[in-house]
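Presented below is the structure to which this report refers.
Numbering (the working numbering), first residue to last: 9 to 1119.
Structure, rendered in structure tokens:
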């Protein structure tokens, strides 16, 4: 067959689909009579058969023509084929649905009398004109019990309608799905073809009968037990739940005979004990009935009563036993199957008790060994999984309350005393407790309690600090005057370390976790009283506030460890005393490292942090000959890892298929890997090698960077690849402490020297050797040769690999260690280089030409001693470029420096606007596109602040109006957006001088910082004013920062906004003084608000909390 014949069949298919569609629309009103139904049915069947016949022939034509399709027209050809397929499938679906409804209607007509049918039609006609309220469709969130009601309602209202397109149905469907159900079809676009796929996916996920039955049976098994027969509400709820679940099973066509026996037992387990007795009395067993026929009436009554009590006790015994044994069956089949539970004791082989109740004297290690050899979990003592993959949360030790069987409790463990204590919380005085989290500080108030030797902490604080449970304790907590004899409850205890804010003094305590401590309002002494008495509070964060949260109640057991014995009344008010206390903050042991890692980012000069980093570098990085050798930072040295062999092989096949499309790229990629082998970066492994050591295979692929000056193709390894849900290599590694320098600090210092210099280390990561013990987890696959793509060889990396979590730490750590070691020989250069490397890029500036030449020569010598080659030297000085010239491309007029564009010839800096121009949209503008545009702006110096702040204000306005993420902006906002982004062409010409001075020698250097604010935004900008030897003045832009005003806080007036700008300027001053390698003769901060100046000068008498906290 040829293309002409296929065109004929396509035309025939189009005619048939159009005719069928017209017939469906015209036959909607012809189904009132049986003879009409038969006629329509014949027509529909005819259409279906004819369309299927033409479609089958057309598919054969496509199969025969497919090999002759040219590559450049393949995409368009396949789109056309799929379009015809989709059109035919759509009309066939409508025809089959209409045919199904017709047959159902005919069956109804056949079983109904003509008179009743006539009456019914009249009724329908009578009420058709009545205006009934609109029926709202149910919303489906992904819970199985919601599926059947939702689907039946949706099917009748939307799915079965023929007047709606597939796209319309898809929109209805997506608008009534939330949560997990919405995530199921999140990847589909609302088209006709995707609607059927989305419905099929939902039916497969939630309409599976087995899943629905399993879920319903699980709901039956999770019915709550009722303790009293007088609890009518719970009894009615139990009855309602059972009826609902059984009706669901009936709707799912599950015969009652399959679950009736189990349902009887489940119901008896849930009923109170006395009701169970009554049940067995009213429904005696067959043996009891036989006894009544043999004995007299009195004896039979006795037998009936005794039998009822015995049956009730048996039910109660089963209920008690199953409450102790962790019953974690997830399905009805699991409830009836007992093969996963050991019917004898695994430890002593006795049949008299279960394994979880065994009191053997075996050690915990011996018990685990026995269970492992028998295939049982050491936590819940069931087969099919191990303790690491045990998700059974119902197992509780009866002795310590932990998540394991009672017999798996460590014999050496000594439980705490379980005495029940009645606690009546009260407070005597208030002291602050602070939890330092990164650069900010969260404050919690603590009340001191002298009447109870227990300490309490609020549950929300434990959640925020992510504290682990230490143990549990039973308590009965009652307020004063309450005589309720309620049962004691089990409370968690956590370990907290209280540490002084101003000394090394620390106290470690155990605190009981409670939902609430108190809601009492407290009143601090006013600041004026403290000033008069020359006293200072332990914490001033709550000063002048009338009410705040009590986060911890400290008991008498540590009361005198915090409160000293120096008391003094400070006012006439007899409730106000001065107590000499140890000022503390909450410092949980397991989050100390995380907290320190957060705040040391802003304070890299911390000696404690430096000691920690030095220790880690010394442990994992050492010099081996002329190179440095690094070992991996395992989170757990004893962890095991899946080798990911299958995933790596699949990745290799995908890469080979893609590379085979371009033989030249395949050849280049093969050459790169061969070069890695010849240079010792990688080596071939023996495939027959057998080892018990952990191994891991990394998938890899080529990445092309055409804009690169040197290597345009790189091998990129994926150490985050997982296989079968197992953790990847990166999951098991620690990234190490953050050694990256402050990028803003590097850019600012780059502008202080007359001669700007940049360079980078050639293949920096590959210059550091990988420890021999860690090389087996850096394996990968490649082909034997280009002539034999099916023969696979195993390679492993011998050097640090880019793509592994801890590789940046290895590179930066090795550089810092090497510079520290070489500082004996090159002290000045090494000290300068320590703050001038951003990973493998060197960014530095110097004033003197001789210093620049010295830096060039000594840097190459220093790095060569670590087998590193630094290359691609660039500078704004022509003479330096001639010295740097080593057959490299130094004739490029512009170069990227830490994300900014450096025009070397004219020595200016500019912002890279390429991504911004790609993101800017003029047609479809939504809140999402605005945020994407803002995120594409990289402007560390704040050069574009006047432009960016306009876009931020538009985004803030969209947020105020609660616009949806993909909702088109209103006309007014759209006009403002287009007006703002139309100025983008003006930014292309915006450049600033890299060098902020005129010459290296100045008579005077001044720093000027201006702060200003409006009702919508505030900001600050820094300039350097320098006076040269010839008395000329130079003013240079240095740095700017802007922020938006809060959205909902109407109390922030314009003067307070000015104060925020002044605070930003003060912080900018501190930052610049600390980070810049220049000393200023004078520093000036400017503001145009006299009100804020008055606030700053009278800060001691300031009563406004907002102002007080900022001045």
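Using N, Cα and C, we set each Cβ at its ideal position, and we do this for glycine too.
Where residue i falls, given that 16 or more other Cβ within 10 Å makes a residue buried
i            : result
residue 21   : buried
residue 399  : exposed
residue 11   : exposed
residue 883  : buried
residue 838  : buried
residue 60   : exposed
residue 188  : exposed
residue 708  : buried
residue 394  : exposed
residue 690  : buried
residue 610  : Since pLDDT at residue 610 reaches only 32, below the 50 mark, its modelled position is unreliable, and no value is offered.
residue 804  : buried
residue 203  : buried
residue 1113 : exposed
residue 777  : buried
residue 183  : exposed
residue 867  : buried
Nearest to residue i (by Cα), restricted to the options the options
i            : options                : result
residue 525  : 468, 504, 474, 481     : 468
residue 1036 : 1025, 267, 1053, 1010  : 1010
residue 1030 : 1038, 1049, 1021, 1042 : 1049
residue 888  : 948, 701, 864          : 864
residue 796  : 206, 266, 674          : 674
residue 1088 : 809, 721, 1077, 1095   : 1077
residue 912  : 928, 886, 892          : 886
residue 786  : 828, 662, 656          : 656
residue 1100 : 92, 1070, 628, 725     : 1070
residue 874  : 650, 1068, 949, 772    : 772
residue 712  : 401, 676, 155, 232     : 676
residue 721  : 672, 1090, 968         : 672
residue 846  : 271, 959, 816          : 816
residue 147  : 505, 368, 694, 180     : 180
residue 266  : 221, 479, 247, 248     : 221
residue 935  : 962, 1026, 740         : 962
residue 53   : 417, 644, 111          : 111
residue 1004 : 1034, 848, 91, 1012    : 1034
residue 826  : 871, 516, 855          : 871
Residue i at chain C interface by Cβ criterion, 7 Å
i           : result
residue 990 : Absent from the structure is chain C; it holds one protein chain and no more.
Bridge-paired residues (DSSP) for residue i
i            : result
residue 724  : 709
residue 1016 : 1031, 1092
residue 1045 : 1031
residue 1003 : Answer is none; residue 1003 lacks a bridge partner.
residue 903  : 910
residue 919  : 908
residue 1010 : 1036
residue 480  : 500
residue 521  : 465
message = Three or more C-beta pairs under 8 Å: does that hold for the region 674-685 against the region 626-638?
response = Under the Cβ criterion (8 Å, minimum of three pairs), the region 674-685 does not count as touching the region 626-638.
inquiry  = Ignoring anything shorter than 4 residues, give me the alpha helix (DSSP H) runs that lie fully in the region 247-289, in order along the chain.
reply    = With a minimum length of 4 residues, the continuous alpha helix (DSSP H) runs that stay inside the region 247-289 are 268-278.
task = Would you list, in sequence order, the uninterrupted alpha helix (DSSP H) runs of no fewer than 4 residues that lie entirely inside the region 149-183?
result = Listed in chain order, they are 152-162, 174-183.
ask   = Just checking, does the region 905-925 make contact with the region 941-948 on the three C-beta pairs under 8 Å criterion?
value = yes
inquiry  = Pairs of beta-carbons, one from the region 252-263 and one from the region 221-229, closer than 8 Å: are there three or more?
reply    = Two segments are said to touch when three or more pairs of C-beta atoms, one from each, lie closer than 8 Å; by this definition the region 252-263 touches the region 221-229.
query = Which ranges would you report for the alpha helix (DSSP H) in the region 632-672 if only whole runs of at least 4 residues count?
reply = 653-668
query = Any contact of the region 971-985 with the region 1066-1082, i.e. 3+ C-beta pairs under 8 Å?
reply = No, the region 971-985 is not in contact with the region 1066-1082.
task = Inspect the CB distances between the region 103-117 and the region 151-171 and report whether three or more fall short of 8 Å.
result = yes
query = Is the region 206-218 touching the region 146-156 in the sense that three or more CB pairs, one from each, lie closer than 8 Å?
reply = yes
task = Assess, as a yes-or-no matter, whether the region 638-655 is touched by the region 774-792 under the definition of 3 or more beta carbon pairs within less than 8 Å.
result = yes
query = Is it a yes or a no for the region 259-269 touching the region 178-192, going by three-plus beta-carbon pairs under 8 Å?
reply = no
query = Does the region 827-834 come close enough to the region 751-769 to have 3 or more Cβ pairs within less than 8 Å?
reply = no
message = Check whether the region 478-485 and the region 495-505 touch, using three or more Cβ-Cβ pairs below 8 Å as the test.
response = yes
task = Answer yes if the region 722-740 comes into contact with the region 647-654, meaning at least three C-beta pairs across the two stretches below 8 Å, and no otherwise.
result = Enough Cβ pairs lie closer than 8 Å, so yes.
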